[in-house]
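Asks: The numbering of the sequence shown is the UniProt record's numbering, which starts it at 1 and goes up by one.
Positions of the beta carbon are idealized from the N, C-alpha and C atoms, including for glycine.
The structure displayed is predicted, hence computed values, not measured ones.
Take a look at the following structure, please.
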Amino acid sequence: MDGGLVTVFLCGDVMLGRGVNQILPHPGDPALRESYLHDARAYVELAEAANGPIARPVGFDWPWGEALPVLDEAAPAARVINLETSVTRSDVFASGKEVHYRMNPDNLPCLTLARPDVCVLANNHVLDFGRNGLAETLDVLAGAGLRTAGAGADADAARRPAIVPLDDDHRLLVFSFGLPTSGIPFSWAATEDRSGVAFLSEPSETAATGLAARVRQLKRPGDIAIASVHWGPNWGYGVSRSEAAFARLLLDGGIDVVHGHSSHHPRSLEAYHGKLVIHGCGDFIDDYEGITGYEQYRDDLRLLLLVSLEQPTGTLHDVRIVPLQAHRMRLRRPSARDCHWLQRLLDRISTGFRPCTTTEEGGHTFTLRPL
């Protein structure tokens, strides 16, 4: 914390499985059961065809690229990511799904060197290798000292927030849950006697009221509460009326930041009554490079979000955005032209903010300040 502000790093989907797993030092079985491709190494070949060769194996830091020095310099009080992959050696592919993500547990240093304080898990890939795969994922992450939220051995464990100490008196509470609009199967929901994810069948007033009650029960004066939600389609900038209303109900109920993810590209940010809604962070690390069909969304451009909140109220101060770009399965700084494209997009689709201001020293950084 700095001068009465607490800064939290947020990003979208961190998908260290499939093609990314294949370039790391311990790639594991590349077999897939997709109609499109049957070998995870083919995703590496697509990336190489688009942007050049990748010398394998890469170091564990390779996928993060320029994100790591940016984070070290920013020194946020907490780092929260959506870990959208199972971490398992299981070869039992979940039925009813075509796309499956797993990372070999031996490649876990690729995750731990980014020093996430919370890995949210309520997403549509954490059970790609069944409930045994989920159990191994939870065990591996816990063994590495990583906090998780959004999945667990039963419903109580899945709904339990991750708690990060910010100082001697204040904490960050991270609640994680997912909706079926993101592709999470209903059968993945955790129950009283079954493991799974924290699952909401719809973004209703009843669901928001229930979460608000849990927030009031746990949140102390000066704490920061984040609702990390996996929702919405992969593509498109539109936000459904029900999800927009649901996000606002969460903020009215004690949540300070709604951390939305699932879309493959950034969606709108909204400042509402001094609080923040990120409707979609976009992907952060994945193996989609070289896949065509949605070029108009520029899903190669990624957002590193540094959200600064005032203490003790949790009021939004600003959002600093460092643009990055996937290139040879590594995050690098994009060109000035790409940064300007992204800045114009954010100004067009976001609400409740002044126009982006830009700092170019050491690379482009955008700052959004609420009206």
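With DSSP collapsed to three states, give me the class of Pro289.
Replies: Residue mapping note: residue 289 aligns to position 289 of the sequence shown, counting from 1. The sequence given here places Glu at residue 289; Pro does not occur at that position. DSSP places Glu289 in coil when its eight states are reduced to three.
Asks: Taking three-plus beta-carbon pairs below 8 Å as touching, is the stretch 43–51 in contact with the stretch 272–290?
Replies: yes
Asks: Rank Pro323, Cys119, His170, Glu243 by C-alpha distance to the C-alpha of residue 379 and give the top, closest one.
Replies: Lying outside 1 to 371, the shown extent of the chain, residue 379 is not represented and no answer is given.
Asks: By the DSSP assignment, the beta strand (DSSP E) with Leu365 in it spans what residues?
Replies: Numbered from 1 along the sequence shown, position 365 holds the residue referred to as residue 365. At residue 365 the sequence reads Thr, which differs from the Leu that was named. From DSSP, the beta strand (DSSP E) with Thr365 extends over 365–368.
Asks: Exposed or buried, Ala336, counting other C-beta atoms within 10 Å across all chains shown (16 or more means buried)?
Replies: As a position in the sequence shown, residue 336 is number 336, starting the count at 1. It is exposed - the Cβ of Ala336 has fewer than 16 other Cβ atoms within 10 Å.
Asks: Does the stretch 215–232 come close enough to the stretch 166–179 to have 3 or more Cβ pairs within less than 8 Å?
Replies: Inter-segment contact for the stretch 215–232 and the stretch 166–179 is present: three or more beta-carbon pairs are separated by less than 8 Å.
Asks: Looking only at C-alpha atoms, which of Ala67, Tyr36, Glu48 sits nearest to Arg332?
Replies: Mapped onto the sequence shown, residue 332 falls at position 332. Nearest of Ala67, Tyr36, Glu48 to Arg332, Cα basis: Ala67.
Asks: Is the beta carbon of Leu346 sitting closer than 8 Å to the one on Cys356?
Replies: Indexing the sequence shown from 1 puts residue 346 at position 346. Indexing the sequence shown from 1 puts residue 356 at position 356. Yes, the Cβ-Cβ distance between Leu346 and Cys356 is below 8 Å.
Asks: To which residues of the same chain is Asp106 closer than 6 Å at the C-beta, ignoring the five residues directly before and after it?
Replies: In the sequence shown, the residue the question calls residue 106 occupies position 106. Around Asp106: His26.
Asks: Within a Cβ cutoff of 8 Å, which residues of the same chain sit near Ala142, ignoring the five residues on either side of it in sequence?
Replies: For this step, residue 142 is matched to residue 142 along the sequence shown. If we look at Ala142 and ignore the five residues flanking it on each side, its Cβ neighbours are Thr148.
Asks: Our contact map puts Leu71 next to His259 with C-beta atoms below 8 Å; I'd like the distance itself, whole angstroms only.
Replies: By one-based count along the sequence shown, residue 71 stands at place 71. By one-based count along the sequence shown, residue 259 stands at place 259. Contact doesn't hold; Cβ gap of about 17 Å is too wide.
Asks: Could you check whether Asp299 and Leu368 sit closer than 8 Å to each other, using their CB atoms as the reference points?
Replies: Here residue 368 is taken as the residue at index 368 of the sequence shown, counted from 1. Here residue 299 is taken as the residue at index 299 of the sequence shown, counted from 1. Not closer than 8 Å, so no.
Asks: For a test of the three-state rule: what should DSSP assign to Phe246, helix, strand or coil?
Replies: Position 246 of the sequence shown, counted from the first residue, corresponds to residue 246. Correct three-state label for Phe246: helix.
Asks: Does DSSP classify Asp169 as helix, strand or coil?
Replies: Translated into positions along the sequence shown, residue 169 becomes position 169. Correct three-state label for Asp169: coil.
Asks: Using 8 Å as the threshold, is the C-beta distance between Ala190 and Ala158 below it?
Replies: Taking the first residue of the sequence shown as 1, we reach residue 190 at position 190. Taking the first residue of the sequence shown as 1, we reach residue 158 at position 158. Cβ distance < 8 Å, so Ala190 and Ala158 count as in contact.
Asks: Could you spell out the range, first to last residue, of the beta strand (DSSP E) harbouring Ile349?
Replies: If you number the sequence shown from 1, residue 349 lands on position 349. Premise fails: Ile349 lies in the alpha helix (DSSP H), 336–349, not in any beta strand (DSSP E).
Asks: In the DSSP output, what is Phe60 paired with across the bridge?
Replies: The residue you call residue 60 lines up with position 60 of the sequence shown. Per DSSP, none; premise fails for Phe60.
Asks: How about Gly282 and Thr315: are their beta carbons less than 8 Å apart?
Replies: Locating residue 282 in the sequence shown gives position 282, where the first residue counts as 1. Locating residue 315 in the sequence shown gives position 315, where the first residue counts as 1. Not a contact, by the Cβ cut-off of 8 Å.
Asks: Drop a sphere of 10 angstroms on the beta-carbon of Glu361, count the other beta-carbons inside from all chains shown, and report buried for 16 or more, exposed for fewer.
Replies: On the sequence shown, residue 361 is found 361 positions in, with the first residue counted as 1. Classification of Glu361: exposed, given that the 10 Å Cβ count is below 16.
Asks: Just mark Pro266 as buried or exposed, buried being the case when its beta carbon has 16 or more other beta carbons within 10 Å.
Replies: Looking up residue 266 in the sequence shown gives position 266. Flag for Pro266 reads buried.
Asks: Between which residues of its own chain and Pro185 is the CB-CB distance below 7 Å, once the five residues before and five after are set aside?
Replies: Reading the sequence shown from its first residue, position 185 is the one you call residue 185. Counting only Cβ-Cβ distances below 7 Å, and skipping sequence neighbours, we find Gly96.
Asks: Run through DSSP, which three-state label would Phe186 get?
Replies: In the sequence shown, the residue the question calls residue 186 occupies position 186. Helix at Phe186.
Asks: Determine the extent of the beta strand (DSSP E) in which Ile278 is found, giving its start and end residues.
Replies: Stepping through the sequence shown from its first residue, residue 278 is reached at position 278. 275–278 is the extent of the beta strand (DSSP E) around Ile278.
Asks: Is it buried or exposed, Leu138, if we count other Cβ atoms within 10 angstroms and call 16 or more buried?
Replies: Position 138 of the sequence shown, counted from the first residue, corresponds to residue 138. Answer is buried; the Cβ neighbour count reaches 16.
Asks: Quick one: what's Met15 bridged to in DSSP?
Replies: Position 15 of the sequence shown, counting from 1, holds the residue named residue 15. The partner list for Met15 (beta bridge, DSSP) is empty, contrary to what the question assumes.
Asks: Count the other CB atoms, across all protein chains shown, that sit within 10 Å of the CB of Glu270; report buried if there are 16 or more and exposed otherwise.
Replies: Working through the sequence shown from its first residue, we reach residue 270 at position 270. Buried, since its Cβ has 16 or more Cβ neighbours within 10 Å.
Asks: Can you have a look at Val92 and say buried or exposed, based on whether 16 or more other CB atoms are within 10 angstroms of its CB?
Replies: As a working note, residue 92 is residue 92 in the sequence shown. Looking at its Cβ environment, which holds fewer than 16 other Cβ atoms inside 10 Å, Val92 is exposed.
Asks: Considering Cα atoms alone, identify which of Leu218, Phe199, Lys219 is closest to Ala126.
Replies: Walking along the sequence shown from the start, residue 126 turns up at place 126. Checking the sequence, you will find Val at residue 126 rather than Ala. For Val126, the nearest C-alpha among the options comes from Phe199.
Asks: For Val258, report the span of its beta strand (DSSP E) as first-last.
Replies: By 1-based counting over the sequence shown, the position of residue 258 is 258. First-last of the beta strand (DSSP E) with Val258: 257–261.
Asks: Closest to Pro312 by C-alpha separation, out of Ala144, Pro165, Pro116, Gly222, would be which residue?
Replies: Counting from 1 along the sequence shown, the entry for residue 312 is found at position 312. It is Gly222 whose Cα lies nearest to the Cα of Pro312.
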